[in-house]
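Numbering (our numbering), first residue to last: 2 to 267. C-beta atoms are modelled at their ideal positions from N, C-alpha and C, and glycine is treated no differently. Below is one structure; the comments refer to it alone.
This is the structure in structure tokens:
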């Protein structure tokens, strides 16, 4: 295999869950550029339609489906549709997720369970559903979107941290259980990424100074900046391609060095 071909996704079918926008959309763009066929889902028709419009504007052929990834029957039905429309799934990116920022003692058990259901149970459900086909077809790639909260705690994110810590271990267990079938399961742990959702935290204050949270992130990041979705494209292609065929059970943190850094002395 040549060096360039090692990173090619030509002829592969990639399913990105929650791929209407943000990190999922950026990964889909990268996979398209590497030659893959793209399919995505989201929780409702409105988000799917917005995603389809964005892909069309970007010139990316795509199939979009409404699917609740916490629903086993819906996932199975969606896989049937994907296989009919695009072919067997070679690459799965478990990207769909939610976060509820609530202090632990104020958080209801129902809210905690909801985050666990979407961020941990859903990757289990979807991975379980695609693995038999991957085995039949000689292998595949599963990429779980983890988080720095797979390693760190922080105020108000008890459910999210619990889910992402669990997703890290699910990643390692899928690698352990199905590596012999040429299935590689790895994770990507994004750092703080510039998205529309984080834009208010990066706005300059009236006196021209940084937002306090922006100052905090810059001070904790050796790269001295927020990441952007383009920073995730190369790692995502690597983990989906033949270049990573002997990489399994690994979490690749794309965080500008935060996890390696204790911070400056006050």
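Same chain only: Cβ atoms within 8 Å of residue i, ignoring 5 sequence neighbours per side
{"i": "residue 2", "result": "243"}
{"i": "residue 55", "result": "21, 22 and 26"}
{"i": "residue 51", "result": "21 and 22"}
{"i": "residue 30", "result": "59, 61 and 234"}
{"i": "residue 83", "result": "14, 16, 40, 64, 66 and 90"}
Start-to-end residues for the beta strand (DSSP E) that takes in residue i
{"i": "residue 42", "result": "38 to 43"}
{"i": "residue 188", "result": "184 to 191"}
{"i": "residue 141", "result": "141 to 146"}
{"i": "residue 15", "result": "14 to 18"}
{"i": "residue 254", "result": "252 to 255"}
{"i": "residue 92", "result": "92 to 95"}
Assumed close pair residue i, residue j - CB separation to whole angstroms, cut-off 8 Å
{"i": "residue 1", "j": "residue 15", "result": "The structure shown does not extend to residue 1, since the chain is modelled only from 2 to 267, so the question has no answer here."}
{"i": "residue 100", "j": "residue 116", "result": "7 Å"}
{"i": "residue 253", "j": "residue 190", "result": "7 Å"}
{"i": "residue 141", "j": "residue 19", "result": "The Cβ separation is near 19 Å, so there is no contact."}
{"i": "residue 238", "j": "residue 32", "result": "7 Å"}
Delimiting residues of the alpha helix (DSSP H) encompassing residue i
{"i": "residue 238", "result": "234 to 241"}
{"i": "residue 32", "result": "23 to 34"}
{"i": "residue 217", "result": "213 to 221"}
Residues near residue i by beta carbon distance below 6 Å, same chain, minus five either side
{"i": "residue 203", "result": "215"}
{"i": "residue 182", "result": "136"}
{"i": "residue 64", "result": "40, 86 and 87"}
{"i": "residue 195", "result": "227 and 229"}
{"i": "residue 104", "result": "157"}
{"i": "residue 159", "result": "105"}
Environment of residue i [buried if 16+ CB atoms lie within 10 Å]
{"i": "residue 248", "result": "exposed"}
{"i": "residue 221", "result": "buried"}
{"i": "residue 170", "result": "exposed"}
{"i": "residue 96", "result": "buried"}
{"i": "residue 176", "result": "buried"}
{"i": "residue 62", "result": "exposed"}
{"i": "residue 218", "result": "buried"}
{"i": "residue 12", "result": "exposed"}
Cβ neighbours of residue i in the same chain (closer than 7 Å, five flanking residues each side left out)
{"i": "residue 125", "result": "171"}
{"i": "residue 149", "result": "190, 192, 254, 256, 259 and 260"}
{"i": "residue 180", "result": "249"}
{"i": "residue 166", "result": "151"}
Self-check item: Length-filtered (3 minimum) beta strand (DSSP E) runs lying within the stretch 38 to 79
Solution: 38 to 43 and 63 to 67
Self-check item: Completely contained beta strand (DSSP E) runs for the stretch 99 to 163, where each covers 3 or more residues
Solution: 141 to 146
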